[in-house]
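A.B. asks: This is the structure I want to talk about, given as structure tokens.
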Amino acid sequence: SYLSVVADSQLFDQLLRLRGEYARSGYDFDGQGSLLGTESGHAYSGLANYTPWRGVPVLGRPLTWNVGAQKEVLSSLFRSPANPDGISDRDMRQVFSGLNWYGLNLQASAAREHDNVDDLALVPRTETAQHSVSLNYSPSFSSDQAQGGTPALPWYGQPNFAASYTSLNKDLVANPGALPLPLGPLHRTTNLLVSAQFQYASWNWDLSHNRVGDIDFAGQAPESRTTSDRLDTA
1 SYLSVVADSQ
11 LFDQLLRLRG
21 EYARSGYDFD
31 GQGSLLGTES
41 GHAYSGLANY
51 TPWRGVPVLG
61 RPLTWNVGAQ
71 KEVLSSLFRS
81 PANPDGISDR
91 DMRQVFSGLN
101 WYGLNLQASA
111 AREHDNVDDL
121 ALVPRTETAQ
131 HSVSLNYSPS
141 FSSDQAQGGT
151 PALPWYGQPN
161 FAASYTSLNK
171 DLVANPGALP
181 LPLGPLHRTT
191 NLLVSAQFQY
201 ASWNWDLSHN
211 RVGDIDFAGQ
221 APESRTTSDR
231 LDTA
């Protein structure tokens with residue numbers, strides 16, 4: 001059995017968006033007529049996104065800024081018939097913000113989540129904290145018009161610059177004996193990416209630099225740091 005309810009609204013001249021969803025499922029893990037009965041699970045999510053500045057003139061260019069928060073809970077026993085292989089057993093809270101001005105786009109978010117939502121006996125609980133920030137800049141050239149009415153590009157083409165950084169830390173916060181591990185850090189991953197692309201009318205080229213660090217505090221995998229540089233044309 002499955003029940004789902006969704007509500008989505010735009011308020012205050014579409015500056016504020018509120019969205020909520022609730023679902024409940026009943027699932028028989030070993031089939032009808034077996035020893036185990038139907039297990040019930042629930043899921044819900046809530047989102048609030050507010051845009052206090054939308055098209056506000058800054059140095060003669062419109063600036064848009066938004067800030068928001070969301071929460072998503074999928075209980076340990078929840079199963080969705082629409083996505084039977086989807087991730088369940090997570091309680092996630094996230095805050096985020098974005099800014100867009102004159103070809104510049106900045107996005108940042110911070111999230112924290114844990115598993116074993118239903119507090120099942122003898123099941124460990126892990127908690128994950130994730131932080132990310134991304135910056136993208138694509139200048140526009142509209143003052144000079146080439147023949148045919150299209151913008152004239154400089155010799156290096158239409159550039160696009162991007163940079164992003166993500167960190168993920170996973171900790172073991174409760175262990176009722178199921179894992180032979182002490183409480184504390186389990187895993188840490190960081191990812192830094194810097195790239196530049198230059199596009200012309202019929203071709204483009206780009207270069208990028210990527211650094212990935214991975215530490216397994218449980219000792220099941222060696223610490224690794226990977227650095228890669230790429231140059232591509234198309």
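Mapping of the sequence shown onto our numbering: residues 1 to 234, in sequence order.
Ideal Cβ positions, reconstructed from N, Cα and C, are used throughout, including at glycine.
A quick note: this is a predicted structure, and the numbers were derived from the prediction, not measured.
State buried or exposed for Gly-177, treating a residue as buried only when at least 16 other CB atoms are found within 10 Å of its CB.
C.D. replies: Stepping through the sequence shown from its first residue, residue 177 is reached at position 177. Per the 10 Å Cβ criterion, exposed.
A.B. asks: When the Cα of Gln-158 is compared with those of Tyr-200, Ser-134 and Leu-74, which residue comes out closest?
C.D. replies: Your numbering for residue 158 matches position 158 in the sequence shown. Among Tyr-200, Ser-134 and Leu-74, the Cα nearest to that of Gln-158 is on Tyr-200.
A.B. asks: My understanding is that Ala-246 touches Phe-161, with C-beta atoms under 8 Å, so please give their C-beta distance in whole angstroms.
C.D. replies: Since the first and last residues shown for the chain are 1 and 234, residue 246 lies out of range.
A.B. asks: Taking buried to mean at least 16 other C-beta atoms within 10 Å of its own C-beta, is Gly-41 buried or exposed?
C.D. replies: In the sequence shown, counting from the first residue as 1, residue 41 sits at position 41. Burial is judged here by how many other beta carbons sit within 10 angstroms of a residue's own beta carbon; Gly-41 has at least 16 and is buried.
A.B. asks: Around the Cβ of Phe-78, are there at least 16 other Cβ atoms within 10 angstroms (buried) or fewer (exposed)?
C.D. replies: As a position in the sequence shown, residue 78 is number 78, starting the count at 1. So Phe-78 ends up on the buried side.
A.B. asks: Based on Cα-Cα distance, which residue from Ser-80, Asp-13, Ala-48 and Asn-49 lies nearest to Ala-23?
C.D. replies: The residue you call residue 23 lines up with position 23 of the sequence shown. That would be Ser-80, whose Cα lies nearest to the Cα of Ala-23.
A.B. asks: Taking Asn-204 as the reference, which of Lys-170, Arg-225 and Leu-153 has the closest Cα?
C.D. replies: Looking up residue 204 in the sequence shown gives position 204. Selected option, being the one with the closest Cα: Leu-153.
A.B. asks: May I ask you to report which of helix, strand or coil DSSP gives Ser-202?
C.D. replies: Here residue 202 refers to the residue found at position 202 when the sequence shown is read from its first residue. If DSSP states are grouped into helix, strand and coil, Ser-202 belongs with coil.
A.B. asks: Under three-state DSSP, which class holds Gly-26?
C.D. replies: Here residue 26 refers to the residue found at position 26 of the sequence shown. Three-state DSSP puts Gly-26 in a strand.
A.B. asks: Exposed or buried, Asp-242, counting other C-beta atoms within 10 Å across all chains shown (16 or more means buried)?
C.D. replies: Any question about residue 242 goes unanswered here, given that the chain covers just 1 to 234.
A.B. asks: Which residue from Gly-60, Ser-45 and Leu-59 puts its Cα closest to that of Val-73?
C.D. replies: Here residue 73 refers to the residue found at position 73 when the sequence shown is read from its first residue. By alpha-carbon distance to Val-73, the top candidate from Gly-60, Ser-45 and Leu-59 is Ser-45.
A.B. asks: Just how far apart, CA to CA, sit Leu-99 and Thr-189?
C.D. replies: Residue mapping note: residue 99 aligns to position 99 of the sequence shown, counting from 1. Residue mapping note: residue 189 aligns to position 189 of the sequence shown, counting from 1. Approximately 26 Å between the Cα atoms of the pair.
A.B. asks: Rank Gly-55, Pro-185 and Val-123 by C-alpha distance to the C-alpha of Trp-101 and give the top, closest one.
C.D. replies: Within the sequence shown, the letter at position 101 stands for residue 101. Measuring from the Cα of Trp-101, the nearest candidate turns out to be Gly-55.
A.B. asks: In this structure, what does DSSP give as the bridge partners for Ile-236?
C.D. replies: A query on residue 236 cannot be resolved here, the shown segment of the chain reaching from 1 to 234 and no further.
A.B. asks: Determine, for Met-92, whether the minimum Cβ-Cβ distance to residues of chain B falls below 9 Å.
C.D. replies: In the structure shown, chain B does not exist; there is a single protein chain.
A.B. asks: In three-state DSSP terms, what is Leu-135?
C.D. replies: Translated into the one-based positions of the sequence shown, residue 135 becomes position 135. Leu-135: strand per DSSP, three-state reduction.
A.B. asks: With a Cβ-Cβ cutoff of 9 Å, do Ala-129 and Asn-169 count as a contact?
C.D. replies: As a working mapping, residue 129 is identified with position 129 in the sequence shown. As a working mapping, residue 169 is identified with position 169 in the sequence shown. A contact, by the Cβ cut-off of 9 Å.
A.B. asks: Assign Phe-96 to one of three DSSP states: helix, strand, or coil.
C.D. replies: In the sequence shown, residue 96 corresponds to position 96, counting from 1. Correct three-state label for Phe-96: strand.
A.B. asks: Could you please give the first and the last residue of the uninterrupted beta strand (DSSP E) stretch that includes Gln-107?
C.D. replies: Numbered from its first residue, the sequence shown carries residue 107 at position 107. Element bounds for Gln-107: 104-114.
A.B. asks: Check each candidate in Ser-132, Gly-103 and Arg-230 and name the one with the smallest Cα separation from Arg-61.
C.D. replies: Position 61 of the sequence shown, counted from the first residue, corresponds to residue 61. When only C-alpha atoms are compared, the closest one is Gly-103.
A.B. asks: Go ahead and label Val-117 buried or exposed: buried means 16 or more other beta carbons lie within 10 angstroms of its beta carbon, across all protein chains shown.
C.D. replies: Here residue 117 refers to the residue found at position 117 of the sequence shown. So Val-117 ends up on the buried side.
A.B. asks: Starting from Pro-124, trace the beta strand (DSSP E) both ways and give me its first and last residue.
C.D. replies: Position 124 of the sequence shown, counted from the first residue, corresponds to residue 124. Where Pro-124 is concerned, there is no enclosing beta strand (DSSP E), given that its DSSP letter is neither H nor E.
A.B. asks: Quick one: is Tyr-156 buried, meaning 16 or more other Cβ sit within 10 Å of its Cβ, or exposed?
C.D. replies: The sequence position of residue 156 within the sequence shown is 156, counting from 1. Its Cβ having fewer than 16 others within 10 Å, Tyr-156 is exposed.
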